Amino acid sequence: MNAKEFYNSLVSLVSNQLKQNDSAHDLSHSKRVLSVALEISKENGEIDEIVLIASSLLHDICEKVIKESKPKISFKKAKTILENYSQFLNLDQIKKIKDSIVNHSFSVGKIPQTLEGKILQDSDRIDALGASGIARVFAICGERKSSFYHDQDPFCENGRSLDDKNYTVDHFYTKLFKLKDTLHTEKAKEIAEKRIQFMKQYLDQFRSEISLNIEEKI
């Protein structure tokens with residue numbers, strides 16, 4: 001079995017379960033993470049593609065659990081799934097997959113020990129940026145029933161404190177624009193910077209659309 005065959009087989013095996021996740025953590029998200037991971041890996045020496053494929057597709061396999069415990073539970077589930085490939089995967093690969101999945105989460109606040117793990121962490125965070133990141137953050141906004149923005153002070157320019165639990169635009173400033181500083185690889189930082197610039201352009205357009213000036217128009 002080569003890497004392409006492993007990818008197709010694993011996608012077929014996990015697609016139904018990942019489709020049950022919310023739209024910010026579904027199969028499409030996992031595929032985007034893998035795509036970025038493979039792009040980053042081309043500039044970072046000897047990388048095990050099999051580890052990247054497995055960890056990218058399985059890092060959110062157990063999404064609907066408490067955030068702090070999700071990575072460990074996801075790896076436990078991933079390990080069970082990977083038993084289907086026991087004749088293909090070696091022990092070192094399983095250890096790298098564990099390091100990648102268990103330590104990838106922003107909420108957990110850990111740094112992976114392996115380069116493959118660092119690449120997964122970078123790639124997962126990059127998917128929170130750019131056009132896909134904007135789509136994801138507003139999807140989560142809908143799940144949580146929070147507002148798009150504070151009606152009176154959308155960009156915290158009049159003394160209001162940032163509150164991303166209630167206002168989605170605030171999350172750009174509390175977390176998303178800071179993600180680049182947490183990345184490990186230079187390629188990831190390069191990709192992140194381009195995506196952040198797009199997000200800032202989006203917010204400029206968003207600002208113009210929500211500057212309603214209704215009383216002046218009446």
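Residue 1 is where the sequence shown starts when you use UniProt numbering, and the numbers rise one by one after that.
No residue lacks a Cβ here, since even glycine has one placed at the ideal position from N, Cα and C.
For clarity, every value in this text was computed on a predicted model and none was experimentally measured.
Among the options, the one whose alpha carbon lies nearest that of residue i
i: Gly142; options: Leu13, Ala24, Leu10; result: Ala24
i: Ser100; options: Phe148, Ser211, Asp60, Lys200; result: Asp60
i: Phe172; options: Val102, Asn84, Tyr149, Ser211; result: Tyr149
i: Pro71; options: Lys4, Asp181, Ile210, Leu120; result: Leu120
i: Phe138; options: Lys165, Lys31, Gln87; result: Lys165
i: Leu27; options: Leu57, Glu5, Leu52; result: Leu57
i: Ala128; options: Asn84, Ser30, Phe155, Phe88; result: Ser30
i: Asn21; options: Glu215, Tyr202, Cys62, Ser9; result: Cys62
i: Ala78; options: Lys178, Leu10, Glu46, Gln197; result: Leu10
i: Glu209; options: Asp151, Lys180, Ala192, Val36; result: Asp151
i: Ile53; options: Asn84, Lys180, Ser86, Asn8; result: Asn8
i: Ser146; options: Leu91, Val169, Glu157, Asp48; result: Val169
i: Tyr202; options: Thr174, Ile214, Gly133; result: Gly133
i: Ser86; options: Thr174, Lys180, Phe6; result: Phe6
i: Thr174; options: Leu183, Thr182, Lys180, Asp163; result: Asp163
Outcome for residue i when other beta-carbon atoms lying within 10 angstroms are tallied against a minimum of 16
i: Glu116; result: buried
i: His131; result: Residue identity check: residue 131 is Ala in the sequence provided, not His. Ala131 comes out exposed.
i: Arg207; result: exposed
i: Ala3; result: exposed
i: Gly109; result: exposed
i: residue 219; result: As shown, the chain starts at 1 and ends at 218. That puts residue 219 outside it, with no answer to give.
i: Met199; result: buried
i: Thr80; result: exposed
i: Arg125; result: buried
i: Arg195; result: buried
Sequence-distant residues of the same chain with beta carbon closer than 6 Å to residue i, five excluded per side
i: Ile140; result: Ala24
i: Val65; result: Bear in mind that a pLDDT of 49 at Val65, under 50, signals an unreliable position, so the number given afterwards is only what the model happens to contain. Within the same chain, Val65 has close Cβ partners Ile73.
i: Lys187; result: Ile40, Glu43
i: Ser105; result: Pro71
i: Lys51; result: Reading off the sequence shown, one finds Val at residue 51, where the question assumed Lys. Closer than 6 Å at Cβ, skipping near neighbours: Gln93, Lys96, Ile97, Glu116.
i: Glu157; result: none
i: Val36; result: Ser123, Ile126
Min CB distance residue i to chain D below 8 Å
i: Met199; result: In the structure shown, chain D does not exist; there is a single protein chain.
Element boundaries [alpha helix (DSSP H), containing residue i]
i: Gln20; result: Segment: none, Gln20 is in no alpha helix (DSSP H) and carries neither H nor E.
i: Gln201; result: 186 to 210
i: Asp170; result: 168 to 174
i: Lys215; result: According to the sequence provided, residue 215 is Glu. The question's Lys does not apply to it. That run of the alpha helix (DSSP H) goes 214 to 217.
i: Phe57; result: In the sequence as presented, Phe is not what sits at residue 57; that position holds Leu. Counting along the chain, the alpha helix (DSSP H) containing Leu57 begins and ends at 49 to 58.
i: Asn41; result: According to the sequence shown, residue 41 is Ser rather than Asn. Looking at the DSSP string, the run of the alpha helix (DSSP H) that includes Ser41 is 27 to 41.
Residues near residue i in its chain [Cβ-Cβ closer than 7 Å; skip 5 each side]
i: Ser15; result: Leu27
For a minimum of 3 consecutive residues, which ranges assigned as the beta strand (DSSP E) are wholly contained in the stretch 75 to 146? Listed in chain order, nothing qualifies, since the stretch 75 to 146 has no complete beta strand (DSSP E) run of 3 or more residues.
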